[in-house]
Each structure stands twice: as structure tokens, then as C-alpha cells.
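In the working numbering, the protein residues as written are 268 to 455. Notes to accompany the following structure.
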């Protein structure tokens, strides 16, 4: 359900937005597993596990949502080897060199034949909306956080957010504390 947060990206709503639709399952883009020809799928799942119908967890002005991504793993060397084997086989059968366009179409054929047998990699991204501060906390890298925001935008229609910024960069503040010995007694 709730995992440790190792990487946090914070966004602040730039204007009012209605995030109550996060609980409306009909409006949310729900996760569905990859089909045989899908490279990736991304959608919301229940923070309570696969057996729960609840999409958002509410409490004390906070809303927790969770999104799952499935990505098919096809290592480039495997693709290249399969393409090369197919090229060699066709060149022997036809007793001629294949043209570039033929080789390109072979790549698509190989991808379509390998995708159904590819392994899947799953990842989960959690986001918490704090109604009192109008901030969204996302447990992910910046790129993954942007993907989560895009998914939320698709579901909500609009989500006007900006990355949280500080007046003084943290590295300068910490340097001043060490250099001047002016660190506060209690740091939260």
C-alpha cells in the first residue's frame, strides 16, 4: 500500500483547481495491462491493492493516488540479432541483398513478433495532494512526476501547477550555515 518515499518532487497549484474528481473512478484513466502489441501502459490503480475498488484515499485534507506503469522490455541486442537472422535468411532464400526499405519493414515485423513474448517491468508512482497548502507531492523523479501530472491532467481536464521553488537555493543556505556557524538549533 504505502511505500517509503525516496525521491520527492513538489508542485504547487498556480490557481484554483477542483481535485475532487480524483475520487471519481468513471473520470479517471485506470491502468490496464499491456496487450500483445503494446509497448507500455500507464494508469491509476488503487492505493489499497489490486482487490480494492477505491482509487483515491482521503484523510485530513490529503488525497493519495497511485499510478502504475507497465513497460515491455526488449533489449536492443535481442532485436538486432533477430533482425540480422531474418535478413540473412531472406538474402539466402532470394539470393540477393535486401534494400534499406525492406530491412526497415523487417524491423517492424521483428518487433511485432517479439512483443508478445517480451517481459514486463512494472513501476508505481504515488502522489499526495495537500488541500491546505495546495501542493502535490510526487514520489518520483522529475520525468516520472511529469508523467504523473500528465495523467492527472488527462483525468481532471486541467491541472495548473508549477514546480515548488525557494527564495534562496538550499546549497547556498547550507554553505552559509557551515561557514558562519549560523545554523538554527532546530531544523525541521
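A virtual CB, placed ideally from N, CA and C, is assigned to each residue, including glycine. Model, not experiment: these values are computed from the prediction.
- Message: What ranges does the beta strand (DSSP E) occupy inside the segment 294-321, keeping only unbroken runs of at least 3 residues that lie completely in it?
- Response: 307-312
- Message: For a test of the three-state rule: what should DSSP assign to residue 366, helix, strand or coil?
- Response: coil
- Query: Between the segment 279-294 and the segment 414-428, do at least 3 Cβ pairs fall closer than 8 Å?
  - Reply: yes
- Check whether residue 407 and residue 340 have beta carbons under 7 Å apart: no
- Message: Looking only at its chain, what residues have a beta carbon closer than 7 Å to the beta carbon of residue 358, apart from the 5 residues adjacent to it on each side?
- Response: 364, 365
- Task: Enumerate, from N- to C-terminal direction, the unbroken alpha helix (DSSP H) stretches of 4 or more residues contained entirely within the segment 364-440.
- Result: 367-381, 409-423
- Item | CB-CB length for residue 281 against residue 428, believed under 8 Å | 6 Å
- Query: Ends of the alpha helix (DSSP H) at residue 348?
  - Reply: 343-361
- Task: In the DSSP assignment, find the beta strand (DSSP E) that holds residue 326 and state where it starts and stops.
- Result: 323-326
- Task: Consult DSSP for residue 453 and reduce its assignment to one of helix, strand or coil.
- Result: coil
- Item | the segment 325-336 in contact with the segment 296-316 per 3-pair CB rule at 8 Å | yes
- Item | Validate contact between the segment 361-380 and the segment 315-334 using beta carbons, cut 8 Å, 3 pairs | no
- Query: Using the C-alpha atoms, what's the distance from residue 382 back to residue 305?
  - Reply: 8 Å
- Item | Boundaries (first-last residue) of the beta strand (DSSP E) holding residue 277 | 276-280
- Task: Reducing DSSP to helix, strand and coil, say where residue 283 ends up.
- Result: coil
- Among 348, 274, 270, 441, which residue has its Cα nearest to the Cα of residue 331? 270
- By a C-beta neighbour count over all protein chains shown, 10 Å radius and 16 as the cutoff for buried, is residue 451 buried or exposed? exposed
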